[in-house]
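Contents: one structure, followed by commentary.
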Amino acid sequence: MLDADFFRRWMTATAASVEREADRLTALDSPIGDADHGSNLRRGFAAVTATLEKEAPDTPGGVLTLAGRQLISTVGGASGPLYGTLLRRTGKALGDASEVSEADFAAAFRTGIEAVTTLGGAAPGDKTMVDALLPAVDALGDGFAAARTAAEEGAVATTPLQARKGRASYLGERSIGHQDPGATSSALLVAALAEANGD
Amino acid sequence: MLDADFFRRWMTATAASVEREADRLTALDSPIGDADHGSNLRRGFAAVTATLEKEAPDTPGGVLTLAGRQLISTVGGASGPLYGTLLRRTGKALGDASEVSEADFAAAFRTGIEAVTTLGGAAPGDKTMVDALLPAVDALGDGFAAARTAAEEGAVATTPLQARKGRASYLGERSIGHQDPGATSSALLVAALAEANGD
Amino acid sequence: MKMLINVPETVVADALRGMAAAHPELTVDVDNRVIVRRDAPVEGKVALVSGGGSGHEPLHGGFVGPGMLSAACPGEVFTSPVPDQMLRAAAAVDSGAGVLFVVKNYTGDVLNFDMAAELAEDEGIRIAKVLVDDDVAVTDSLYTAGRRGTGATLFVEKIAGAAADEGQPLERVEATGRQVNENSRSFGVALSACSTPAKGSPTFDLPDGELELGVGIHGEPGRERRPMMTSGEIAEFAVDAILDDMSPRNPVLVLVNGMGATPLLELYGFNAEVQRVLTARGVAVARTLVGNYVTSLDMAGASVTLCQVDGELLRLWDAPVRTAGLRWGI
Amino acid sequence: MKMLINVPETVVADALRGMAAAHPELTVDVDNRVIVRRDAPVEGKVALVSGGGSGHEPLHGGFVGPGMLSAACPGEVFTSPVPDQMLRAAAAVDSGAGVLFVVKNYTGDVLNFDMAAELAEDEGIRIAKVLVDDDVAVTDSLYTAGRRGTGATLFVEKIAGAAADEGQPLERVEATGRQVNENSRSFGVALSACSTPAKGSPTFDLPDGELELGVGIHGEPGRERRPMMTSGEIAEFAVDAILDDMSPRNPVLVLVNGMGATPLLELYGFNAEVQRVLTARGVAVARTLVGNYVTSLDMAGASVTLCQVDGELLRLWDAPVRTAGLRWGI
Ligand SMILES: Nc1ncnc2c1ncn2[C@@H]1O[C@H](COP(=O)(O)OP(=O)(O)O)[C@@H](O)[C@H]1O
Ligand SMILES: Nc1ncnc2c1ncn2[C@@H]1O[C@H](COP(=O)(O)OP(=O)(O)O)[C@@H](O)[C@H]1O
Ligand SMILES: [Mg+2]
Ligand SMILES: [Mg+2]
Ligand SMILES: [Mg+2]
Ligand SMILES: [Mg+2]
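Protein chains in written order, with the working numbering: chain H, 1 to 199; chain R, 1001 to 1199; chain L, 2001 to 2330; chain D, 3001 to 3330.
Next up, the structure:
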């Protein structure tokens, strides 16, 4: 079973890896975007860990809802509302249970991802974060490590795609050949899940 | 004896060498000035030859006075009024004789150079056109070729000087080590004199 | 890339402190990143709120004042602001007559303003929205996020702002803003990329001798790269790209906009070519504005925006405006 | 260096055509290179004429209009205009009350304006002159051509222009202009060199990680090169260089001026630092202007100008002005 502490560790691990990889995320956002994805997420997840320390919600749902709200309030851009919605809706779906099973989490995470696709309108193959998140949640049944691998493969697989959503879509065919920054940060998020689990 | 045709040839030869050397003059004006000396003089002497063709004055004084007025009206910057005054005052000093001796010209040219120092306030050693013009007029007694050599040496000798007049003076000691663009174009003007004489 | 900054993290806050010092006629909330007209809320009048990533100055903060915006929300550089800012701005300027959000069509801006609208309506503030999407370099199709909002933002903010200042109701101010957007088309070119403080180096490589056609205002590359063109050729390309997509029967407002690092001397020269091409194509010009209005940090380049105007829109364009970036009539 | 131009030779003429199209309130004589207020000569009023090399836009052409200049003469890029232009301008704007030449202190500008003054007086036009020399980076001594005229030109043109607009006689307008110059000091820094169209490449090399302190507005290198500094450090250096040379007891006007390629976002941030330093040094600020006003083509960098003002000068500064580049009160 996963408790509030697990989800706090997830957020802390995400913040750490986003901090480590911020320059790479920004560099990926440079040829096909506006060169801010790394600094956006760094700002957001630093705020998330700070607020989690201060408010210390004691349920899994409370942790993720607060984290999502904080991302919405501090990130801006496309990724702020999208990642914010992902976590907030996942958190809401978890309700106020003090512990949740891995299956509960997988179902809630899928709800969160669906909220992202509703909000942003992206379908699989549009070269967005969805291309890492969906394979990850599909693989969650096989454990966090499998989800991590699926997310990473999903991120890499965005390279040959032509973007249809977000800024990269303005480039038309010139977006082909570059890995999507948002899919890359989604892979970090999922990897942090495995890390929080000690995998 | 030197007739109007000789002075027309002088101006044409100057225009041609300024045209050839414009980029070098501008390049010299770049580290210690504002990178326009070549284009300034090219514009000016092109206008001079055009106007001389159209108006065709028939005295040495007429040619130089008209050339000087034309420089004043088309060059601008520091070099426009200075070179314009140089030629205009030289021309005025030659009066309306239809031919002048080399000695007449040397005396008139000195009057023109004095007008330049009065107008611009530059003394020898201030790293200006004066540093090529004065040695040239001093050497004119030995012929145009000697004047050319003196002007060229004078121009080269500006390199180690610290500028005290014109834009280069703003640089203080950083003006040391660069040849003065105006002294360099003055050497072209004097060399054209030798060329007009067939030296 | 050298910049006149302290550290990248404080660039926006530093700029807001500097704006506050230079413009006593504005209330600048540095901590919450909201710039508001000192006299807001103006009794009985619709308020206009806009915002977007920073780096496009004077847009939007420089357009706050009588006759134009009531408030602006600057985000991080090239990053849409967050809903909290927009909500705070709306609350500060609403007189009860409602608030019009002017939103440039970028995924981030749209999502954040939508969230803010929901929150504001929860607080009883009436919200309407105009989405600006004027950039013909982007095809508006299922395969893109739709056209970008660029130069037409200035026209929308000025003209809808004048309508609001006259006391027109929210629905009419919104309709006017939409009409201005529908009547407007833009096309931009870059001679160099720009450098964001966070990245510290140019967002893309643009070799000497080449230019990018069809760029936006966020340092993204354009649709196409070509060997360098003359000002006259660029004017033809840009105007024709616009006229491929609109056939003005009324006279147009012309905005010849600098991306930030192109000297005004060049912009005026470019304007001469734009006017030449418009005349050749039979397009009548009502007014022309030349300058750096919707910029892209230190990018070299320019954009052209045309906005077709009838007598009423022209009257609103000519109406008095008093902001840091645009000012006439008062 | 790519530029948005046709060919270097027509840059100034192209820009004038573009200005003419954008500003119907100006009479632009493209062939003779004179920009004149449409309503000139204004009966009974002293006229102000300025000019200088092009590349500093909006200076001077952008400052022609009610409350400021009567006419401007743009020279080639970074090259003083010729006497013919100034004479033509003076003849076009003189109402009989005389003409004030506002001349930046560069050898070329001084010589050409002096020649024009002689010619104008031959034609019966009364001429007075204000020489602007505010740049403290240059020592005013026998060993230099004297201090350069930079940012203070804007203050002189605005304030003397307001005095002329009020109908003050030539001697008083001249005295006011001189007083403004004497009360003003500037200091500029460059983060990059600029490229003139004729040369087509940067006028000097400035490696990454270094800046030039004490630059002028013509792409000349400054007095000193240093490792890159923060915005706050630059503000301290610039303000202290100015205050070494003046001890304002009255409040000052502050101009935080961009050299052309520095984003407004950075200029506002720099202003915040300038204001911080001024407060720390006990200097009171009356008004602040931030923007690209006296530029150096595409140079990145900024300058600070302070002008000490008493109540009368401040009143004239606040007086209405309506030009392309500076506008308030009308
Ligand atoms: N409509 C969308 N749906 C899902 N993800 C999107 C959408 N638009 C953009 N993204 C994701 O957001 C990422 C960019 O985030 P970021 O750079 O922070 O925002 P912005 O594009 O506003 O600068 C993209 O790489 C992409 O993965
Ligand atoms: N006061 C002066 N007296 C004599 N020559 C001068 C003076 N000032 C400048 N010069 C000459 O003018 C040259 C520069 O001319 P130019 O570049 O055409 O004008 P500007 O300095 O106005 O750009 C200098 O190299 C110098 O030789
Ligand atoms: Mg981005
Ligand atoms: Mg020069
Ligand atoms: Mg962004
Ligand atoms: Mg010059």
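Beta carbons: idealized from backbone N, C-alpha and C, even for Gly.
All values reported here derive from a predicted model rather than from experimental measurement.
Option in the options with minimal Cα separation from residue i
i               : options                               : result
A132 (chain H)  : H:Q179, H:L94 and H:L41               : H:Q179
P1081 (chain R) : D:V3309, D:A3040, D:V3110 and D:G3061 : D:V3110
A56 (chain H)   : H:G33, H:R9 and H:I176                : H:R9
A2092 (chain L) : L:G2151, L:V2042 and L:E2210          : L:V2042
G1154 (chain R) : R:D1138, R:G1166 and R:A1078          : R:D1138
L2213 (chain L) : L:G2200, L:S2231, L:H2056 and L:G2018 : L:S2231
T128 (chain H)  : H:P181, H:V63 and H:A146              : H:P181
R174 (chain H)  : L:M2246, L:V2256 and L:V2138          : L:V2138
G1033 (chain R) : R:G1172, R:E1195 and R:D1058          : R:G1172
T1074 (chain R) : D:P3083, D:V3077 and D:W3328          : D:P3083
R1024 (chain R) : D:D3244, D:A3198 and D:A3162          : D:A3198
M2229 (chain L) : L:V2136, L:P2008 and L:A2190          : L:A2190
A2013 (chain L) : L:I2217, L:E2076 and L:Q2275          : L:E2076
C-beta atoms of residue i and residue j nearer than 8 angstroms
i               : j               : result
L2265 (chain L) : I2159 (chain L) : no
L1002 (chain R) : F1105 (chain R) : yes
G61 (chain H)   : L94 (chain H)   : yes
V2254 (chain L) : V2294 (chain L) : no
L3048 (chain D) : A3097 (chain D) : no
A151 (chain H)  : A187 (chain H)  : yes
G3053 (chain D) : S3080 (chain D) : yes
L3131 (chain D) : N3105 (chain D) : yes
V3277 (chain D) : V3215 (chain D) : no
S1185 (chain R) : A3145 (chain D) : no
L2004 (chain L) : I3242 (chain D) : no
V2028 (chain L) : A2020 (chain L) : yes
A3152 (chain D) : D3134 (chain D) : yes
G3177 (chain D) : L3100 (chain D) : yes
T2203 (chain L) : S2303 (chain L) : no
G44 (chain H)   : L66 (chain H)   : no
Residue environment, residue i, which counts as buried when at least 16 other CB atoms sit within 10 Å
i               : result
A3319 (chain D) : buried
T3279 (chain D) : exposed
A2117 (chain L) : buried
K1054 (chain R) : exposed
P2227 (chain L) : exposed
T26 (chain H)   : buried
Y83 (chain H)   : buried
R20 (chain H)   : exposed
R2038 (chain L) : exposed
P31 (chain H)   : buried
N3183 (chain D) : buried
G2269 (chain L) : buried
R2249 (chain L) : exposed
D3298 (chain D) : buried
L3142 (chain D) : exposed
A1050 (chain R) : exposed
Residue i Cβ short of 7 angstroms to ligand 8 heavy atom set
i               : result
D1029 (chain R) : Ligand 8 is absent from the structure shown, which contains only ligand 1, ligand 2, ligand 3, ligand 4, ligand 5 and ligand 6.
One or two residues paired with residue i in a DSSP bridge
i               : result
A3306 (chain D) : Looking at the sequence shown, residue 3306 (chain D) is not Ala but Leu. DSSP output for L3306 (chain D) lists D:R3185 and D:V3254 as bridge partner(s).
C2073 (chain L) : L:G2051
S3195 (chain D) : D:P3202
T2027 (chain L) : L:V2036
A3190 (chain D) : D:E3212 and D:G3301
E3224 (chain D) : D:L3213
C-beta neighbour in chain A for residue i, strict 8 angstroms
i               : result
R3223 (chain D) : Considering every chain present, this structure includes no chain A. Its protein chains are H, R, L and D.
- Query: For ligand 6, which residues count as neighbours when the test is a C-beta closer than 5 angstroms to any heavy atom?
  - Reply: Taking each Cβ in turn, the ones that pass are R:D1034, R:D1036, R:G1077, D:F3078 and D:T3079.
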